[in-house]
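Remarks on the structure that follows.
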Amino acid sequence: MAEVAVITGGSRGIGAATALRLARDHPDMAQVIGYVSDASAASAVADRVAALGPMVAPVRADVAEEDDVLRLFAAADDLGAVTALVNNAGLLFTAGRLEDFDAQRIARTMAVNVTGAMLCAREAIRRMSTAAGGTGGAIVNVSSRAASFGSPNEFVDYAASKGAIDTMTIGLATEVAREGIRVNAVRPGLIETEIHASAGVPDRVTLLADRVPMGRGGTAEEVAAAIAWLLTDDASYVTGALLDVGGGR
Ligand code: NAP
């Protein structure tokens, strides 16, 4: 049976770069590429992945919706056995101060970035765990350096959601360590993707690059490389790790 990687938020940015990296490294591994709204971007990534070899299915699934997550993993079951999850889907809203944020914004940030990641991890573990008859696997959660810095005056709600991801990574890694599953997180810094446009600051990477010790923003491909490594057996003794990919910050 084919091994399957589920990549949430695979239509753009870091998720798309990860799908392409995994396709190059593991052409025999099937992929489910999750997205929520940009169907044409998801199908373009799927076409590029398929051209490199893997079976691939783009699936629309809002990770904050439990039924959608169940559908996402049902699509993976159709392709083979899930052995990798990249918990990458995430969002942020307009930059500002906490006193200007309403409950709806905060709740949506937590629902997508935290609940969504936990629901996807749950479904992955149910399939991977050797205690449940699975063959094991690896989960990589996409956190953020914001979890350490707190993103004052920008989005403390988003930063707090990534703090939750770090804590979840540590707890879950311990919980399933004897069931053949490794759980790690990457914590990207300032990365060139479209997410900064959602904050209302599309040129945020250029504006803030000087704060980064290396003097530049990172690329989605540089984050994908770290994710890809954590998924391989080269990282077989790495679990519960929070790997900073932030150019020194
Ligand atoms: P991006 O370019 O904005 O892409 C976001 C991806 O997530 C898209 O594929 C989007 O799907 C998907 N998505 C958003 N909400 C979703 C939902 N409710 N359900 C399912 N999928 C959803 O963002 P990115 O910069 O690549 O970010 C990827 C991850 O890296 C996020 O978790 C983000 O917090 C984290 N991160 C990014 C940076 C950075 O500087 N870029 C830094 C640290 C951490 P659609 O295409 O359908 O909208």
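Offset between the sequence shown (1-based) and the working numbering: plus 257.
The C-beta atom is built at its ideal place from N, Cα and C for all residues, glycine as well.
To the nearest whole angstrom, what separates the beta carbons of Ala321 and Ala368, a pair I think is in contact under 8 Å? 4 Å
Can you tell me whether DSSP reads Thr373 as helix, strand or coil? In the sequence as displayed, the identity of residue 373 is Gly instead of Thr. Residue state for Gly373 is assigned as helix, using DSSP reduced to three classes.
Kindly examine the ligand NAP and report whether one of its heavy atoms sits closer than 6 Å to the Cβ of Pro445. Yes, Cβ of Pro445 sits closer than 6 Å to a heavy atom of the ligand NAP.
Quick check on Thr265: does DSSP put it in helix, strand or coil? coil
Determine the burial state of Glu356: buried for a count of at least 16 other Cβ atoms within 10 Å of its Cβ, exposed for fewer. exposed
The beta strand (DSSP E) that contains Thr340, what's its start and end? Ala338 to Asn344
Answer yes or no: the CB of Ser408 versus the heavy atoms of the ligand NAP, is any distance below 6 Å? no
In terms of alpha-carbon separation, which member of Tyr494, Gly457 and Met286 lies closest to Gly337? Met286
Distance between Pro311 and Gln361 (C-alpha atoms, nearest Å): Taken atom to atom, the span from the alpha-carbon of Gln361 to that of Pro311 is near 39 Å.
Would you report the Cα separation of Ala308 and Ser268, rounded to the nearest angstrom? 16 Å
Under a Cβ-count criterion, where at least 16 other Cβ atoms within 10 Å of its own Cβ denotes burial, should Leu279 be classed as buried or exposed? buried
For Gly394 and Ala341, which I take to be in contact (beta-carbon distance under 8 Å), what is that distance rounded to the nearest angstrom? 6 Å
From what residue to what residue does the alpha helix (DSSP H) around Asp282 run? Gly270 to Asp282
Among Asp282, Gly266 and Thr265, whose alpha-carbon lies nearest the alpha-carbon of Ala485? Closest by C-alpha distance to Ala485, out of Asp282, Gly266 and Thr265, is Asp282.
Cα-Cα separation, Val480 to Ile271: 7 Å
Could you tell me the alpha carbon to alpha carbon distance between Val462 and Thr424, rounded to whole angstroms? In this structure, the alpha-carbon of Val462 lies about 27 Å from that of Thr424.
Only counting the same chain, and skipping five residues up and downstream in sequence, which positions put a Cβ closer than 7 Å to that of Tyr457? The displayed chain sequence assigns Gly, not Tyr, to residue 457. Same-chain partners within the cutoff: Thr351 and Ala352.
Count the other CB atoms within 10 Å of the CB of Met258; is the residue buried (16 or more) or exposed (fewer)? exposed
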